[in-house]
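Asks:
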Amino acid sequence: MIDDLNKIMVEVTGRCNAMCPNCSRNIDGIKLDYDALGPASGWDMPMHIVKKVFTNRMLNAVDDIELNGCFGDAPSHPDFKNIVRHIVANSPGYKETRVQVHTNGSIHSTEWWRELAEITNVPNMSFVVHFAIDGVDQETHSTYRRLTNLQKVFDNAKAFMDNGGETQWEMIEFDYNAHQVPIARSMSKEMGFGQFNVKKGNRNFVYLKNKLENKPVIKAEESKKHKKTNITVEQRPKFKALEKFVKKEFDDNKSTKQNLEQYAKKTDIVCKWDQPKEKGIFVEYDGVVHRCCYTGDNHRIFPKEWKDKIVSNYGEKFNNLHYHDMQTILAHDYFHKYLPQSFEDPTGSGYQRLTKCIENCGKHRHLLN
Ligand code: SF4
Ligand code: SF4
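Each residue of the sequence shown is one higher than the one before, starting from 878 at the first, in our numbering.
#1: I'd like to confirm something about I1187: is its beta-carbon nearer than 7 angstroms to some heavy atom of ligand 2, or not?
#2: In whole angstroms, what separates the C-alpha of S1226 from that of I1146?
#3: Mind reading off the beta-carbon distance from A966 to F1008? Whole number of angstroms is fine, and I expect it under 8 angstroms.
#4: Is N945 helix, strand or coil by DSSP?
#5: Quick one: what does DSSP say R1022 is sitting in, helix, strand or coil?
#6: Measuring only from the beta carbon, is D1151 closer than 7 angstroms to any heavy atom that is part of ligand 2?
#7: My output table needs one value for F1220: the three-state DSSP class, helix, strand or coil.
#8: I'd like to know whether the C-beta atoms of D939 and T997 end up nearer to each other than 8 angstroms.
#9: To the nearest angstrom, how far is the alpha carbon of V976 from that of S1003?
#10: In terms of DSSP beta bridges, what is Q1152 paired with?
#11: With DSSP as the reference, please indicate the residues paired to V978 in a beta bridge.
#12: List in chain order the residues whose CB is within less than 5 angstroms of at least one heavy atom of ligand 1.
#13: How long is the line joining the alpha carbons of K1124 and C1169, rounded to whole angstroms?
#14: Start and end of the beta strand (DSSP E) containing T1044?
#15: Is Q1057 closer than 8 angstroms to T1017 when the C-beta atoms are compared?
#16: Leaving out five residues on either side along the sequence, give the residues of the same chain with a beta carbon under 6 angstroms from the beta carbon of D880.
#17: Should Y1171 be listed as close to ligand 2, given that the test is whether its C-beta is under 7 angstroms from any heavy atom?
#18: Can you tell me which of V1165, Q1218, D1174, C947 puts its alpha carbon nearest to the alpha carbon of G1192?
#19: Between the Cα of W989 and those of P1217, Q1028, N1175, D1032, spot the shortest distance and give me the residue it belongs to.
#20: Excluding the 5 residues flanking V1013 on each side, which residues of the same chain have their C-beta closer than 7 angstroms to its C-beta?
#21: Tell me, please, which residues DSSP counts as bridged to H1201.
#22: Under the DSSP definition of a beta bridge, which residues are partnered with L909?
#23: When you measure from the CB of C1238 to every non-hydrogen atom of ligand 2, does any distance come out below 7 angstroms?
#24: How far does the beta strand (DSSP E) with I1060 in it extend, from its first residue to its last?
#25: Pop quiz: N894 and S983 are said to be a contact at Cβ under 8 angstroms. What is the actual Cβ separation, rounded to whole angstroms?
#26: Taking V930 as the reference, which of Y1200, I904, E1236 has the closest Cα?
#27: Would you list the residues sitting across from T1017 in a DSSP beta bridge?
#28: Applying the 10 Å Cβ sphere with the 16-neighbour rule, what's the burial state of P1167?
#29: Grouping DSSP H, G and I as helix and E and B as strand, with all else coil, what is Q1072?
#30: By Cβ distance, which residues of its chain are closer than 6 angstroms to T818, with the 5 residues on each side in sequence left out?
#31: What separation, rounded to the nearest whole angstrom, lies between the Cα atoms of R892 and F957?
#32: Measuring straight from C-alpha to C-alpha, what distance separates P898 and D910?
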């Protein structure tokens, strides 16, 4: 129910100016994945759907709003400022609303960013922009943030901060940029970023699913002492750790695949987005509502699984704001019955688990952070 929610993540657009190689919206950082994204005419959430998401009731319920997602860069939405104006105008005001925006920061003029700071500088709102900056020189930064311009990112962040905007520097650490982390940290302080955050750049994406379906594992790029080499995802240390963990849980004599099959059926799943004080939902640019951002791209990335497990039970429209209001969607069996029972008793209930739930919230989850 809306009133029980604490947080909401909304992907207002599937649009982006960059081509980061691990991003769901492209293939190997080279070409757009139109099969997953759909046509460009549908990439921007229309204002009438934005208003169906951010109703007074929703804004009254949640404390945390994140404008982020799997496919797009929020400020790329052509009407982004009006979306923000709508949130500002309809937030309750008697309590603090925290809004976080994630961006590569390499679009729009400094004037645009200055005005964004003005719009969001209101009482009882904390509005923070997280800039993704993966290096301290253009070459290093754009190794991952392909097609972005580091100087432009710095200029935009500065313009936003100079006008009172709050920022954080988000850095993904890879082998090739690890040596720049301390420099980036001190630069972030000098430039006035409110916080500097580093996360490791290894995604667990599709590993388990491919393994269970006997499909070839996808290629990954790793660098050893800054020299790039091609490896497969399963050669990454975190997956070796997962295989070891699963072997220990079940049977040393069985194959990895057999153990993973057991694991997929039996591991304890703790739904990170359905905890008493951490109850959230995720809304995609096409108006589709999900429990979380991990399952948010399920119907695009694993369309067969989504069709077999979910669409075969409920059809295609049950969780789409173009057809239903938010209250009706959240009261649907998918949220109340399917997901919880798939975590507790997938065999007895007949509600099969989504692979993303196993991958992201299974017992091994501590190994993947
Ligand atoms: S900036 Fe974000 S949305 Fe854009 S390509 Fe990179 S990861 Fe994807
Ligand atoms: S992946 Fe599944 S279990 Fe994890 S938070 Fe999302 S819905 Fe919950």
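A virtual CB, placed ideally from N, CA and C, is assigned to each residue, including glycine.
Replies: According to the structure data:
#1: no
#2: 15 angstroms
#3: Not a contact, Cβ separation roughly 26 angstroms.
#4: coil
#5: coil
#6: yes
#7: helix
#8: Here residue 939 turns out to be Val, not Asp, going by the sequence shown. Contact: no.
#9: 6 angstroms
#10: E1155
#11: L944, V1006
#12: C893, A895, C897, C900, D950, N981
#13: 29 angstroms
#14: 1043-1050
#15: yes
#16: A938
#17: yes
#18: V1165
#19: D1032
#20: Q1057, I1060, A1061, M1064
#21: In the DSSP output, where bridge partners are listed per residue, H1201 has none listed.
#22: N903
#23: yes
#24: Element bounds for I1060: not the beta strand (DSSP E) but the alpha helix (DSSP H), 1058-1068.
#25: 6 angstroms
#26: Y1200
#27: Per DSSP, none; premise fails for T1017.
#28: Note that residue 1167 corresponds to His in the displayed sequence, not to Pro. Result: buried.
#29: strand
#30: This structure does not reach residue 818, given that the chain is present from 878 up to 1246, and the question cannot be answered.
#31: 12 angstroms
#32: 12 angstroms
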